[in-house]
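Working notes, structure below.
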Amino acid sequence: MKNRLKVLRAERDWTQEDLASRAAVSRQTINAIETGKYNPSLDLAFKLAAIFEQKIEEIFFPEEGE
16 MKNRLKVLRA ERDWTQEDLA SRAAVSRQTI NAIETGKYNP SLDLAFKLAA
66 IFEQKIEEIF FPEEGE
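Residue numbers (this note's numbering): 16 to 81.
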């Protein structure tokens, strides 16, 4: 699954640590999501969407062929 977390985070000038703190997860979790190595749970996806005040489908979307 692809996502726009890195772009959204950069637009706000937040570090991965900043976002991790807001989402109550580790920086490593944010890094893994941004690099596509980990797909967040639905709860975490909703939390991230709320942090960025966007819909989940505006942040997360399937890769080609999914």
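Backbone N, C-alpha and C fix where the C-beta goes; we use that ideal spot for every residue, glycine too.
| Item | Value |
| --- | --- |
| Using the three-state DSSP reduction, which class does Phe61 fall into: helix, strand or coil? | helix |
| Are Gln31 and Asn46 close, meaning C-beta to C-beta below 8 angstroms? | yes |
| Can you tell me where the alpha helix (DSSP H) holding Ser10 begins and where it ends? | Absent from the structure is residue 10, since the part of the chain shown begins at 16 and ends at 81. |
| Roughly how many whole angstroms lie between the Cα atoms of Glu79 and Lys17? | 9 angstroms |
| Got a sec, what are the start and stop residues for the alpha helix (DSSP H) Glu68 sits in? | Element bounds for Glu68: n/a, residue is neither H nor E. |
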